[in-house]
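In our numbering, the protein residues as written are 118 to 544.
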């Protein structure tokens, strides 16, 4: 019995020691868990950068920037009059107007202002900090800034709130400027687009256009300048134009891209293409003489007499004189030597009736009816730039034929594409 009691006491002691050790381990592990912070699962960061748009000399015309939205929670503001007196002046909002907004019914949350600059954000942040204000938050948003404001506005284009281009190159090169949507962590950047536009020339011609508009009271001015030997567009003017930084406030007239969208009767400047077409077909000679008696008269199949008048009686003239003197009579006489379909084919070879394919949205075809729809008066009328509508871009592209011995060059606004690291991806 004594021996049994001894072993029982040893068993109890052993179990007690194990229990103490087990409790100690549990307590130690619990304490360790309390001391060591819980592992936080951080989601990998994905950053997207839209490429910049530059002129041919590297001047930045569009760039991604961080702007800020001012978010307000009405219920969190402790002293609304004080809040209005401090925040209103910094935001450029009258105190009374801001106080009325804070006291208005409706959603507790609203945006007081969107897309303020870094400097505006800093000034507001200092005011909020010094005044210990609550109920106001600055939210960073990726946005687009146009450092040159309205320079080449119709070429550069505008970016919408959803981060997609709405007009101009911002629209046409959307998938080039912005990288593909991805879930892959890291920084993803689009290409930088270098345009053929010369910013200095563009600025000078915009100033000239605005002066001309003011002096002549014209509704609009169109001007396109291209390199004759390459087809590169150096300047692209459509006045009036919009400030891209305040684009939503612009008028329809300021937004209208006239060189690409507007079709008009070219008039007398079209005579050079009439003469060139007939010279190329061998129907007239450079030194051949035509007599201008002040107008071209012909009779239609219905017995109708049609007269195309000249501004003067030019007498004997050569094809060169037809262009130099802008002679309607001479141009009509030259055109009458061609068959309708042949004349149409030659003019279409200049690019009339089709888009140039320039890197801008919404370009017009112009209006150029097939010869099968022409009347007896169509050919001499088209010869002097009437009964046909063209765009300014078509006229410029057609002119490259004359400058390159019969070869029509494709107009372009794209000079190069760069990666975010500065490597040339296309030229």
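Even glycine gets a Cβ: it sits at the ideal position worked out from N, Cα and C. Treat the numbers as computed from the prediction; the structure is a model and nothing was measured.
Run through DSSP, which three-state label would residue 275 get?
coil
For residue 279 and residue 230, what's the separation of their Cα atoms in angstroms?
17 Å
Between residue 96 and the rest of its own chain, which residues show a CB-CB distance below 7 Å, the 5 nearest in sequence each way excluded?
Nothing can be reported for residue 96, as the shown portion of the chain is limited to 118 through 544.
State the CB to CB distance for the pair residue 401 and residue 409, rounded to an integer number of angstroms; the pair is presumed to be in contact (CB under 8 Å).
Rounded, the Cβ-Cβ distance is 14 Å, inconsistent with contact.
With residue 475 and residue 445 assumed to form a contact (beta carbons below 8 Å), what rounded beta-carbon distance in angstroms separates them?
Contact flag wrong, Cβ pair sits at about 31 Å.
Straight-line CA distance for residue 405 to residue 435?
6 Å
CA-to-CA distance, residue 356 to residue 509, given in whole angstroms:
14 Å
Kindly identify the DSSP beta-bridge partner or partners of residue 409.
432
In the structure shown, what three-state DSSP assignment does residue 147 receive?
Only weak support exists for where residue 147 lies, its pLDDT of 39 falling under 50; the coordinates are left without a value.
What residues in its chain sit with their C-beta under 8 Å from that of residue 362, if we drop five residues either side in the sequence?
Hits under 8 Å: 262, 263 and 266.
List the DSSP bridge partners of residue 531.
312
Which one of 511, 493 and 463 has the shortest CA to CA distance from residue 59?
No answer is possible for residue 59: the residues shown for the chain start at 118 and end at 544.
Residue 543 - DSSP class collapsed to helix/strand/coil
strand
Applying the criterion that 16 or more other CB atoms from any shown protein chain within 10 Å of the CB defines a buried residue, is residue 217 buried or exposed?
exposed
Run through DSSP, which three-state label would residue 497 get?
helix
Specify the secondary structure class of residue 285 as computed by DSSP and reduced to three states.
helix
Over what stretch of residues does the beta strand (DSSP E) that includes residue 233 continue unbroken?
226-233
For residue 524, tell me which candidate among 466, 506 and 500 has the shortest Cα-Cα distance.
The shortest Cα separation from residue 524 among 466, 506 and 500 belongs to 466.
Distance check for residue 257 and residue 195, CA to CA, integer angstroms please.
24 Å
Considering only residues of the same chain and omitting the five flanking positions on each side of residue 241, which have a CB-CB separation below 6 Å?
207
Mind reading off the beta-carbon distance from residue 343 to residue 349? Whole number of angstroms is fine, and I expect it under 8 Å.
6 Å
Looking at the strands, I want to know which residues DSSP matches up with residue 381.
DSSP, once it has assigned bridges, lists 507 as partnering residue 381.
Could you check where the alpha helix (DSSP H) with residue 206 kicks off and where it finishes?
197-208
Inter-stretch contact at 8 Å, needing at least 3 Cβ pairs: the stretch 183-190 / the stretch 218-229:
Yes: at least three Cβ pairs fall under 8 Å.
Could you tell me the distance, in whole angstroms, from the CA atom of residue 537 to the CA atom of residue 451?
Residue 537 and residue 451 have their C-alpha atoms roughly 56 Å apart.
Can you look up residue 139 in the DSSP assignment and give me helix, strand or coil?
Summary for residue 139: the model assigns pLDDT 43, below 50, so the residue's position carries little reliability; its value from the coordinates is reported in the next sentence. For residue 139, the secondary structure class from DSSP, reduced to helix, strand or coil, is helix.
Using alpha carbons as the reference points, say which of 497, 311 and 507 lies closest to residue 417.
497
So for residue 538, helix, strand or coil by DSSP?
coil
Suppose you measure from the CA of residue 167 to the CA of residue 296; what does that come to, to the nearest Å?
Taking the straight line from one Cα to the other gives about 7 Å.
Helix, strand or coil: how does DSSP classify residue 262 here?
strand
Residue 257 in three-state terms, based on DSSP
strand
With H, G and I counted as helix, E and B as strand and the rest as coil, what does DSSP make of residue 158?
Bear in mind that the predicted position of residue 158 carries a pLDDT of just 44, short of 50, making it too unreliable to give a figure here.
Of the choices 222, 252 and 486, whose alpha-carbon is the least far from that of residue 201?
Minimum Cα distance to residue 201 is reached at 252.
Environment of residue 310 [buried if 16+ CB atoms lie within 10 Å]
buried
Using 10 angstroms around the beta-carbon of residue 375, count the other beta-carbons present and answer buried if the total reaches 16, otherwise exposed.
So residue 375 counts as buried.
Residue range of the unbroken alpha helix (DSSP H) whose run includes residue 401
Run containing residue 401: none; DSSP gives neither H nor E here.
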